[in-house]
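Protein chains in written order, with our numbering: chain A, 1 to 112; chain B, 1001 to 1114.
Ideal Cβ placement from N, Cα and C applies to all residues, glycine included.
Remember, it's a predicted structure, so these values are computed and weren't measured experimentally.
So, in structure tokens, the structure goes:
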């Protein structure tokens, strides 16, 4: 079955700096790669997603890049702000079971 | 408004007392799931359902039951809760076809079993 590894588990950056979180996956047939943000005490919410036929997608300060050959995808947050502090989860959909397989999460702290 | 609702939001109970956490979605999604979230362990899937009357085990199904009699509802049942089921529980739903597979989460149910 699909396996997803997410790094780093914690990340601290100064306000205004960039943050990058990386995930690797094992199933080469996977074709959908979302990122979720979970603020403290809240539910996870989708912030950006990418399909396998696209190499990069941007939405204001966030972007996701996908390298299908290497089987990894990354979340990039530029000009970080204190409200970006949260836990971020990557995910992949298992092509056999259609299950979401989540990474273990990255706790991002943006220091003012 | 498109949403997933869960009830109750908070529950404190005692070992062995059967309980049900309800989940409902209004987006006509085929796929529904239950997750538990514990510190340092991320989101672990308990059960999922790809459509009415179709359910399957996730990664941590022991001690839980589900049913999917209607498309919109997917209750989670703990027949005999134990303290190790103390956790934060999320219900979620998503489509199985279309432009996006965005998963919508409910607000969460914080369960404490004493």
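Item                                                                                                                                                          : Value
Please confirm if residue 104/A has its CB atom under 8 Å from at least one CB of chain B.                                                                    : yes
For residue 1022/B and residue 1081/B, which I take to be in contact (beta-carbon distance under 8 Å), what is that distance rounded to the nearest angstrom? : About 16 Å; that fails the 8 Å criterion.
Roughly how many angstroms lie between the CA atoms of residue 41/A and residue 1098/B, to the nearest whole one?                                             : 30 Å
Going by the DSSP bridge assignment, what does residue 1032/B pair with across the sheet?                                                                     : 1049/B and 1093/B
Under three-state DSSP, which class holds residue 49/A?                                                                                                       : strand
In chain A, which residues lie with their C-beta within 8 Å of the C-beta of residue 1031/B?                                                                  : 98
Beta-carbon of residue 1089/B versus every beta-carbon of chain A: anything under 8 Å?                                                                        : no
Select from 9/A, 107/A and 28/A the residue whose C-alpha is nearest the C-alpha of residue 69/A.                                                             : 28/A
Indicate whether residue 74/A and residue 87/A have their beta-carbon atoms separated by less than 8 Å.                                                       : no
Taking C-beta pairs closer than 8 Å, name the residues in chain A that residue 956/B reaches, listed in chain order.                                          : Because residue 956/B is not part of the residues shown, which for chain B are 1001 to 1114, the question remains open.
Which residues does DSSP list as the beta-bridge partners of residue 1086/B?                                                                                  : The partner list for residue 1086/B (beta bridge, DSSP) is empty, contrary to what the question assumes.
So the candidates are 1064/B, 1069/B and 1018/B; which of them puts its Cα closest to the Cα of residue 1036/B?                                               : 1064/B
Beta-carbon of residue 43/A versus every beta-carbon of chain B: anything under 8 Å?                                                                          : yes
Can you give the Cα-Cα distance for residue 1105/B and residue 1096/B, rounded to whole angstroms?                                                            : 15 Å
Find the residues of chain E that neighbour residue 1010/B, judging by a C-beta separation of less than 8 Å, and give them in chain order.                    : The structure shown has no chain E; the protein chains it does contain are A and B.
Please report how far the alpha carbon of residue 14/A lies from the alpha carbon of residue 1075/B, in whole angstroms.                                      : 43 Å
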